[in-house]
Amino acid sequence: LMVLSDSEAPQIFGLLASLCVEIHQVVEGRALFRNWLFKGRTTCTVFDREQFYITRVVYFRESISSRFSSLCGEFRPFTWLGRSEASSWQSEADTGESKREKLCCCCSHKYHLNMSFTLKTRNPPEVTVFPKEPVELGQPNTLICHIDKFFPPVLNVTWLCNGEPVTEGVAESLFLPRTDYSFHKFHYLTFVPSAEDYYDCRVEHWGLDQPLLKHWVSQNDTSQSAGLTAFAHFLMGLFVCFLGIFSHRFLRKISRGSI
Numbered sequence: 001l002m003v004l005s006d007s008e009a010p011q012i013f014g015l016l017a018s019l020c021v022e023i024h025q026v027v028e029g030r031a032l033f034r035n036w037l038f039k040g041r042t043t044c045t046v047f048d049r050e051q052f053y054i055t056r057v058v059y060f061r062e063s064i065s066s067r068f069s070s071l072c073g074e075f076r077p078f079t080w081l082g083r084s085e086a087s088s089w090q091s092e093a094d095t096g097e098s099k100r101e102k103l104c105c106c107c108s109h110k111y112h113l114n115m116s117f118t119l120k121t122r123n124p125p126e127v128t129v130f131p132k133e134p135v136e137l138g139q140p141n142t143l144i145c146h147i148d149k150f151f152p153p154v155l156n157v158t159w160l161c162n163g164e165p166v167t168e169g170v171a172e173s174l175f176l177p178r179t180d181y182s183f184h185k186f187h188y189l190t191f192v193p194s195a196e197d198y199y200d201c202r203v204e205h206w207g208l209d210q211p212l213l214k215h216w217v218s219q220n221d222t223s224q225s226a227g228l229t230a231f232a233h234f235l236m237g238l239f240v241c242f243l244g245i246f247s248h249r250f251l252r253k254i255s256r257g258s259i
């Protein structure tokens, strides 16, 4: 038999009463506990070579997140709900030391292991530049820079017009995986073709000793097709000429044989 003091009795009875009310509400079918969600998850992450030990806690469907940074050496909240959590962990020596040990032993080990693999594997990209539509001088078009077969997925791409960087009308895709575990990516530039302008797609990558420039000059497809047509006519005329000479010699041989 447990004997309660006068100060403990009200607290115990109050706790039992609240539990009875919650159990009664669940029996009645009320969805009380669906709003009481507590979930914790810890992860390691790296941003700009800074290592973080991140703890995410969900309580009442609200995210309470904090992180321990290797750079600043302290806990910092992601959201306003995580302020008290970060402050509490920062003040507790045992908790803070535990997070530091996990960061050093787990996160740092994974970081250096992954970085060593990433830095050893450097596949330089292949770059191709082409227009989206057939080129007509003075008509708006889109220039596409296709960067292919590179690893790791880290790039710095710059469009140049007449040697000067271009920032307007620029867009890009995400890093797209290939079946061989390399990546490819598209960069776009909206422009108006002219006979005087020339363009470059400059690509920087860990697998390249120096930036790679892919050159493109505006050319009217109409003039190209006209040149190809003229060349085809020339070849046709040359073929007819050789055919006439061959036929003439063949007929002469036949006539001599009949004589």
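Letter 139 of the sequence shown, counting from 1, is numbered 139 in full-length UniProt numbering, and no numbers are missing.
Heads up, the beta-carbon is just placed ideally off N, CA and C, and yes, glycines get one too.
Since we're looking at a predicted model, the values are computed, not measured.
message = On the criterion of 16 or more Cβ atoms from any shown chain inside 10 Å, does L143 qualify as buried, or is it exposed?
response = On the sequence shown, position 143 is the one that residue 143 refers to. Result: buried.
query = Is the beta carbon of L189 less than 7 Å from the beta carbon of G169?
reply = Start at 1 with the first residue of the sequence shown, and residue 189 comes out as number 189. Start at 1 with the first residue of the sequence shown, and residue 169 comes out as number 169. In this structure, G169 lies closer than 7 Å to L189 by Cβ.
task = Classify I245 as buried or exposed, calling it buried when 16 or more other Cβ atoms lie within 10 Å of its own Cβ.
result = Indexing the sequence shown from 1 puts residue 245 at position 245. It counts as exposed.
query = In angstroms, rounded to a whole number, what distance separates the CA positions of Y198 and E204?
reply = Taking the first residue of the sequence shown as position 1, residue 198 is located at position 198. Taking the first residue of the sequence shown as position 1, residue 204 is located at position 204. Whole-angstrom Cα-Cα distance: 20 Å.
request  = Would you kindly work out how many angstroms separate the C-alpha atoms of S247 and Q219, rounded to a whole number?
outcome  = Along the sequence shown, read from residue 1 onward, the residue named residue 247 stands at position 247. Along the sequence shown, read from residue 1 onward, the residue named residue 219 stands at position 219. Taking the straight line joining both Cα atoms gives about 42 Å.
request  = Closer than 7 Å by C-beta to V176: which residues in its own chain qualify, once you throw out the five before and the five after it? Chain order, please.
outcome  = What you label residue 176 is simply residue 176 of the sequence shown in a count that begins at 1. Looking at the sequence itself, residue 176 is Leu, so the reference to Val does not match. Within the same chain, L176 has close Cβ partners F183, H184 and K185.
query = Can R202 and T158 be called in contact, C-beta distance under 7 Å?
reply = Position 202 of the sequence shown holds residue 202. Position 158 of the sequence shown holds residue 158. Yes, the Cβ-Cβ distance between R202 and T158 is below 7 Å.
key: Same chain, Cβ closer than 7 Å to F150, five either side skipped, listed in chain order   = Mapped onto the sequence shown, residue 150 falls at position 150. Answer for F150: N123, P124, P125, S182, F183, H205 and G207, listed in chain order.
Where D209 falls, given that 16 or more other Cβ within 10 Å makes a residue buried = Numbered from 1 along the sequence shown, position 209 holds the residue referred to as residue 209. Classification for D209: exposed.
message = For I245, list the residues DSSP reports as bridge partners.
response = Residue 245 sits at position 245 when you count from the first residue of the sequence shown. In DSSP, I245 forms no bridge with anything.
inquiry  = Rounded to whole angstroms, what is the Cα-Cα separation between S173 and I147?
reply    = Counting from 1 along the sequence shown, the entry for residue 173 is found at position 173. Counting from 1 along the sequence shown, the entry for residue 147 is found at position 147. Distance between the alpha carbons of S173 and I147 is about 11 Å.
inquiry  = On the CB-based measure, 16 or more other CB atoms within 10 Å of its CB, does A86 come out buried or exposed?
reply    = The sequence position of residue 86 within the sequence shown is 86, counting from 1. Classification for A86: buried.
message = Once the 5 residues before and after C145 are set aside, which same chain residues still bring their CB inside 6 Å of it?
response = Locating residue 145 in the sequence shown gives position 145, counting from the first residue. Hits under 6 Å: V129, H187 and C201.
task = Going by CA-CA distance only, name the one from K214, D180 and T167 that's closest to F191.
result = Start at 1 with the first residue of the sequence shown, and residue 191 comes out as number 191. Ranking the options by Cα distance to F191, first place goes to T167.
task = Report yes if the C-beta distance between L243 and V127 is below 7 Å; otherwise report no.
result = For this step, residue 243 is matched to residue 243 along the sequence shown. For this step, residue 127 is matched to residue 127 along the sequence shown. Not a contact, by the Cβ cut-off of 7 Å.
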